[in-house]
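Report on the following structure.
Number of protein chains: 8
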Amino acid sequence: MNRPAQDDICLDLQRIERIGIEEAVFSQGKADVHLHEIAQQALATGKPMLFTRLSQAQLDSFPADVRDKFNYEPISRTGILGPVPNVVLDGQVAIVCAGTSDAFVAREAERTLRHHGVGSKVIMDVGLAGLHRILNRVEEIKKHAIIIVCAGMDAALPTVLGGLVSSMVIAVPTSVGYGVAAGGESALRATLATCSAGVVVTNIDNGFGAACAALRMLRSMKLR
Amino acid sequence: MNRPAQDDICLDLQRIERIGIEEAVFSQGKADVHLHEIAQQALATGKPMLFTRLSQAQLDSFPADVRDKFNYEPISRTGILGPVPNVVLDGQVAIVCAGTSDAFVAREAERTLRHHGVGSKVIMDVGLAGLHRILNRVEEIKKHAIIIVCAGMDAALPTVLGGLVSSMVIAVPTSVGYGVAAGGESALRATLATCSAGVVVTNIDNGFGAACAALRMLRSMKLR
Amino acid sequence: MNRPAQDDICLDLQRIERIGIEEAVFSQGKADVHLHEIAQQALATGKPMLFTRLSQAQLDSFPADVRDKFNYEPISRTGILGPVPNVVLDGQVAIVCAGTSDAFVAREAERTLRHHGVGSKVIMDVGLAGLHRILNRVEEIKKHAIIIVCAGMDAALPTVLGGLVSSMVIAVPTSVGYGVAAGGESALRATLATCSAGVVVTNIDNGFGAACAALRMLRSMKLR
Amino acid sequence: MNRPAQDDICLDLQRIERIGIEEAVFSQGKADVHLHEIAQQALATGKPMLFTRLSQAQLDSFPADVRDKFNYEPISRTGILGPVPNVVLDGQVAIVCAGTSDAFVAREAERTLRHHGVGSKVIMDVGLAGLHRILNRVEEIKKHAIIIVCAGMDAALPTVLGGLVSSMVIAVPTSVGYGVAAGGESALRATLATCSAGVVVTNIDNGFGAACAALRMLRSMKLR
Amino acid sequence: MNRPAQDDICLDLQRIERIGIEEAVFSQGKADVHLHEIAQQALATGKPMLFTRLSQAQLDSFPADVRDKFNYEPISRTGILGPVPNVVLDGQVAIVCAGTSDAFVAREAERTLRHHGVGSKVIMDVGLAGLHRILNRVEEIKKHAIIIVCAGMDAALPTVLGGLVSSMVIAVPTSVGYGVAAGGESALRATLATCSAGVVVTNIDNGFGAACAALRMLRSMKLR
Amino acid sequence: MNRPAQDDICLDLQRIERIGIEEAVFSQGKADVHLHEIAQQALATGKPMLFTRLSQAQLDSFPADVRDKFNYEPISRTGILGPVPNVVLDGQVAIVCAGTSDAFVAREAERTLRHHGVGSKVIMDVGLAGLHRILNRVEEIKKHAIIIVCAGMDAALPTVLGGLVSSMVIAVPTSVGYGVAAGGESALRATLATCSAGVVVTNIDNGFGAACAALRMLRSMKLR
Amino acid sequence: MNRPAQDDICLDLQRIERIGIEEAVFSQGKADVHLHEIAQQALATGKPMLFTRLSQAQLDSFPADVRDKFNYEPISRTGILGPVPNVVLDGQVAIVCAGTSDAFVAREAERTLRHHGVGSKVIMDVGLAGLHRILNRVEEIKKHAIIIVCAGMDAALPTVLGGLVSSMVIAVPTSVGYGVAAGGESALRATLATCSAGVVVTNIDNGFGAACAALRMLRSMKLR
Amino acid sequence: MNRPAQDDICLDLQRIERIGIEEAVFSQGKADVHLHEIAQQALATGKPMLFTRLSQAQLDSFPADVRDKFNYEPISRTGILGPVPNVVLDGQVAIVCAGTSDAFVAREAERTLRHHGVGSKVIMDVGLAGLHRILNRVEEIKKHAIIIVCAGMDAALPTVLGGLVSSMVIAVPTSVGYGVAAGGESALRATLATCSAGVVVTNIDNGFGAACAALRMLRSMKLR
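These protein sequence lines are chains A, B, C, D, E, F, G and H, in that order.
Counting from 1, position 163 in the first sequence corresponds to residue 163 in the numbering used here; the numbering is continuous, with no gaps.
Counting from 1, position 139 in the second sequence corresponds to residue 139 in the numbering used here; the numbering is continuous, with no gaps.
Counting from 1, position 94 in the third sequence corresponds to residue 94 in the numbering used here; the numbering is continuous, with no gaps.
Counting from 1, position 93 in the fourth sequence corresponds to residue 93 in the numbering used here; the numbering is continuous, with no gaps.
Counting from 1, position 212 in the fifth sequence corresponds to residue 212 in the numbering used here; the numbering is continuous, with no gaps.
Counting from 1, position 135 in the sixth sequence corresponds to residue 135 in the numbering used here; the numbering is continuous, with no gaps.
Counting from 1, position 22 in the seventh sequence corresponds to residue 22 in the numbering used here; the numbering is continuous, with no gaps.
Counting from 1, position 63 in the eighth sequence corresponds to residue 63 in the numbering used here; the numbering is continuous, with no gaps.
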């Protein structure tokens, strides 16, 4: 009575032509049979494919020959099936993190960009509890056209940066914290309610989405 | 025992140099004495100043000679104190609205851009209940580097547009609707949870903020 | 001091006569002793019984002879105790899914219908991030009197379909996603706030309920 | 600098052909200039148009000659611009209300159906605080293929009806009540979490939407 | 540097004299060292002590000689350290459950009452999806002065009972369900917003609290 | 096209026989035509009728001869249409208020009881900010079988009383306060989460419901 | 049947001896008769009394001779009945505001302190959208033992200050803003989730409470 | 492609000079490689470092020679890497707990203070269900300049203490409880809405933050 797994999959392989962003696989919650089928279809295209939120257990469920083709990074839980491209554009995107705990989001953004051939400058652990840390780096940061800022808890860092630089500031609230912070709802609300004009926001922990917004902007800038 | 109103004001007049966006006045909830004092200080600078969320009653509270200097638009409740600048840049920004009820947000964005010398193409009432309306306009819309999409209720329009164009898509959830929609919380959540990669979001009804994000991007593109 | 398990059970075996839908067992959270007792009573009736949200661990807890009588489908976590009926009605119900991750809900609907002798057409992975996928299938979909649409995250698919077809559209928001989406609250709110007139909604992940609504409608149509 | 009002309007006049439901105007929050322009365009079509959530103040803002063309019902705040059609289909839809306070929702449903030529049987004030009231009417209610149930506070009525009849049950949670009930959130949650299989739900107070769902179903039944 | 566990405990052994209810131990989240120390102090008093929400793992952590003194019931996760008293009062309290899944709450209430020498009549699985089940038992139920009603999901049962009997009705919303129901928030809101006059409510899953309310009432009735 | 108002009303006049509580009219949100029709039907019965949450504007909308028959109390916004009965039972119910701002709830309870012939002792403004105020009154309070405690903000008073007396404690959270307190959600949550065993809770501001619970208990005690 | 107003009032006049803070009157929502009675009792004591959240309409409701004894400040809506004391302690408390819109909270704090004889330094409009504004004032601010920081929207200011000074930082989230910010919930969550160690928080808009916390601390410092 | 772990860390070692509080490590959610690198950097400074929310599994992940340098306390899950300092200040801070279940928060506060050389008096299990417990200890408690009160569920204890003492009262809502209490949201709201003037609040379970607030105050008092 059950349908074959391939009937459940409809990859959007022309997405890159349409919107400049590659189809990617949101792995969390997908059944193993579905992930395996997607990998087969991806391999058949001959192009690399990004899997986000791919757990170690999901990775281990693949047949060994497929698993070996993954470039996997455990902190971001991203797997790139196929070769990781060379960087063909650099110097436009900075990724700034309030705390070391936000690294999993920053790396998802970094790897999504890299998967599209875009390099990025990562600046970690410059949260506002010690304001000098971000002030020391502002000159370096403001040289980038696009700044992705990952912050949890009270997520005040995008506000401060937004008031100091004219670049595009994309805030990624993270789920770091506990109590009222846990889940990132407070960080999300704070970034949306920012008093710094023109800061935009993605879903909680959505490093992938912030990177894709950067890709849209780079394309509008004719850099991609 | 009360302090003079001028002690309560500290305008950030160098904001335009620092981040490319003019200081603006969020009027909602401000006392009349504070608004009047701000207007005096703004007039003294000789430069126009944007007042957002300025109610008709607040406008009427000004002395007649000041009130007459306002260019006021009632649907967006924006007042520009001083001359409205000429458009010096056009063709880069589209503002798309799901419904006529979202006009108050679209106009706030439109006027914020205009206050900075940027023109915009406004396309209204193309919500998904009749999909053909947006499909008929996609070719026209996708020519713009930046697309601001205002939508309330289920706010599905940014998702559809995000899947069709490679431009920067800035979603502004609006408070249009009732029941679960009212206040814009559903629209906000839907835009943040969009399945279209790289759509970014502002606070509910924040046409001003979306316009400012566009200004940041235009500056990064060296167009301003 | 403890009561015998059979005192805790009161099956509603006349439900099918009263409302046209069979009594079913919501397994999640039930104690093993209760599930086992229910299975005994069901087997005694000689009629098949549907168990929803039956985990693999719960299935394994049954005595082997009972366990072997289950037709179990792991993605939907549904177990049918007794024979799965032949399809006696087809072509009236389509089940449409935004993403492969929504399969667990779609299959619960599909199997609930099948348990009542109703076939359904399943169309998977046609979410709005690639609008062409759903547009390619609209003609096929609109031939069905009833369309069950399963979608998580921003759940914009029911709105688009609702604007294109005159069929009954039953939206099932799913818990797929993370951050603001997780748990399905955003999808639920978006479907309830839909701008497409006459779309109705069930609880999050409630494929069973959507199927039962379809059964009600088919009965009103005198097709069952 | 302001755009003419007609540029803000894009009526979907083919909706009736596409999905069997007429375009309607959600009036709440719309500017008077927009409502007036919509009325002009509607009158130009020569077909009646339904305005929902039209306040008395909005109605009074119309020029007298337009205002006089409205058939207005104050409890539901619905205005039909143009003639109210004759009933061409009857006996299929019942509208059941838990309390007299829910009348504003029931009437919106009733008038939306009537605007499409469909009559309905309204049964009011049969809430569960006195169970006999609904039990006395069940035989009468169950003769209808579609039952719209409007209930606020704990909204238990759809559950009880759903367990007694095989008809399609469309629950409309209402905003009636106070404290935890106010706004209809509790009623909404209760109807979505109903233990009666196959009850579907609309947004809070959405009598219009429930009527449109009934219209979809009647069309599938080839009765319209 | 750590304090001895006994310094962290201050049992309220005179509670029974003061308010007619025995001190009890809320075990969930307590450290094993604290539970063990409490058991030692309880044993020293020579009186039985009720432990609620005591997990199997916590039970197993006790030294064998203490663990053997527990009368443990796994569905309610209650442990009575010391002898379970004889029933000295019967016929006053009924415990009614909407579904079998609510058994864990009903049994917590039943055992709390029994720990105080009060018997209770338990009536399970009479939820409203099949209204006849509760109507069949109303005459039996209404003979009790106090009715504890445990219900999850939409929790409509207390409303129906409250409209049929003059007894004290204490509603206990349960965490049974999923989606909007999960966690019991919907059941809680529905019971608080009940349209039946004079139904009172406890915290979600709080069978213990409902039993204690019954104990207060029995004392006021001079039956204890 | 509109239905006559009497078709919208179905009074439950046998409620007093069935559950010991009179039918009452929840006035908030009801249309004037409905209130007037209810009053006519009530007067026809010859028995007094309680209207709760009846605003001054609603009261003034009645024809003068009906309005004059109301015994109206503005703080509780309760109107009794017909004579207020004599007290036939006293000394069983105390109503305790944390602050003067809670008076509107306390009076609704007091008047609901009085409407049923039950007197009550009201003790106001004994909130915990000055603990001595409640300690000074505990001996007096504990003589009552039933204690209704009205408290807003943090609503700690029911917890303290619950730990001091063996009476039935019915907590009524009130909407008094602002910020996190406003609307009574914090008070409601605090009373439901009370650490005092056996305190029961009603909806926010539901003085009527607390009084009805007291009426249920008095009937079980054979005092009514 | 109504009780005299004085029975509803129980002033806590010894509060100042007990905890070092004067009894004050929370006016919002109180009935006029209650406010008038409180004023009479306060005047009888011969000591000044602070009324918070006293609307202009409430003030106007007093008999003229009482109204004239109020020192009223409209932005904070505070009225001091009786003489405003001289400042007897200065230099210990700074009140810092993110925006001019927060003035109503700052002034409530300022006037509560002054009512207790404590002066304060107010520094307004130094929000993070222009970081230089607060950096310019840090040296001046850090000389105070206690810093009350009022901020709405994303409320990032307490975090930045908390990382720069060793003083006690008391954050008062304000209800300034709209969309996700409105009501102050976002500001509240952000301040509670602050990444700066040891910042404490009061209720939204609670300038009175922050001032009282300062009074507690000054007393512990033996300065009062 | 991955960055070395040391590039992700930027310790704020001058925090103690700037604000009087040592840099500390929030361990929850940090990757093991990051924790190990932080420990190396901390050891290199020669000064002890506090790790909060360090799970047993995280502790076990350290190389044995580093793990052995931790002074670990399992209930609070705090690890001090390096020697625990002697107490250099005592008698100023009391830590009061409503229940034994709150011990994990109290110990985090106690150990944070001790890490800074400050002793504290801990008073456990004095919740309001038995009011005498706290009344018995008030004289002892009020001798302390600072009182940290840890309470979950309804968290009424800070309110009662705030009304009895003039000391600084810092409330720490805890996540103890279930149903509406779970997660500490109810306790948080109750403490923020307290009717006792001048009680301040930290994030849920934030014993560390409360201790840091005490450190700020002690420094302002020139005791540190």
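Yeah, the Cβ is synthetic: ideal placement off N, Cα and C, and Gly gets one too.
- DSSP, read as helix, strand or coil, puts residue 79 of chain B in strand.
- Counting only the Cα atoms, residue 187 of chain E lies some 7 angstroms from residue 181 of chain E.
- Interface criterion not met: the Cβ of residue 214 of chain A is under 7 angstroms from no Cβ in chain C.
- The DSSP-derived three-state label of residue 105 of chain D is helix.
- Chain order gives the chain D residues near residue 165 of chain C as 19, where near means a beta carbon separation below 7 angstroms.
- Secondary structure of residue 23 of chain G (DSSP, three-state): coil.
- At a cut-off of 4 residues, the continuous stretches assigned as alpha helix (DSSP H) that sit fully inside the segment 107-192 of chain G are 131-135, 138-141, 157-162 and 185-192.
- Counting C-beta pairs with one atom in each stretch, the segment 7-19 of chain H and the segment 207-223 of chain G have fewer than three that are closer than 8 angstroms, which means they do not touch.
- Residues of chain F whose Cβ lies closer than 9 angstroms to the Cβ of residue 188 of chain G are, in chain order, 179 and 180.
- At a Cβ-Cβ threshold of 7 angstroms, residue 39 of chain C and residue 66 of chain C count as neighbours.
- Against chain G, the CB of residue 34 of chain B has a partner CB under 7 angstroms away; the residue lies at that interface.
- Across the segment 131-146 of chain F, CB contacts with chain G closer than 9 angstroms involve 132 and 133, in sequence order along the chain.
- In the structure shown, residue 49 of chain F adopts extended strand secondary structure according to DSSP, grouped into three states.
- For residue 66 of chain G, the enclosing alpha helix (DSSP H) begins and ends at 64-67.
- Against chain D, the beta carbon of residue 184 of chain C has no neighbour under 9 angstroms; the closest one sits roughly 11 angstroms away.
- Boundaries for residue 10 of chain C: no beta strand (DSSP E) harbours it, and the DSSP string shows neither H nor E there.
- Distances from the alpha-carbon of residue 162 of chain G to those of A/179, A/214, A/153 and A/129 put A/129 closest.
- In this structure, residue 93 of chain E sits away from residue 76 of chain E, with a CB-CB distance that is not shorter than 7 angstroms.
- For the pair residue 106 of chain D and residue 123 of chain D, the CB atoms are not nearer than the 7 angstroms cut-off.
- With a cutoff of 7 angstroms on beta-carbon distance, residue 127 of chain A and residue 195 of chain G are scored as near each other.
- Listed along chain E are 98, 99, 127, 128, 129, 153, 154 and 156, each with a C-beta nearer than 8 angstroms to that of residue 195 of chain D.
- Of the other Cβ atoms in all chains shown, 16 or more fall within 10 Å of the Cβ of residue 176 of chain A; this residue is therefore buried.
- For residue 212 of chain E, the three-state secondary structure derived from DSSP is helix.
- In this structure, the beta-carbon distance from residue 174 of chain D to residue 152 of chain D falls below 7 angstroms.
- Shown here, residue 223 of chain B sits in coil according to DSSP, grouped into three states, outside any helix or strand.
- Shown here is that no member of the segment 37-61 of chain D has a Cβ falling below 8 angstroms from a Cβ of chain E.
- Using a Cβ-Cβ cut-off of 8 angstroms, residue 6 of chain F is close to nothing in chain D; its nearest Cβ partner there is about 10 angstroms away.
- Here the C-alpha atom of residue 30 of chain D lies approximately 45 angstroms from the C-alpha atom of residue 99 of chain A.
- Any Cβ of chain A closer than 7 angstroms to the Cβ of residue 210 of chain C would place that residue at the interface, and such an atom is absent.
- Here residue 54 of chain F carries a coil assignment [DSSP, helix/strand/coil].
- Residue range 70-73 is occupied by the beta strand (DSSP E) that includes residue 71 of chain G.
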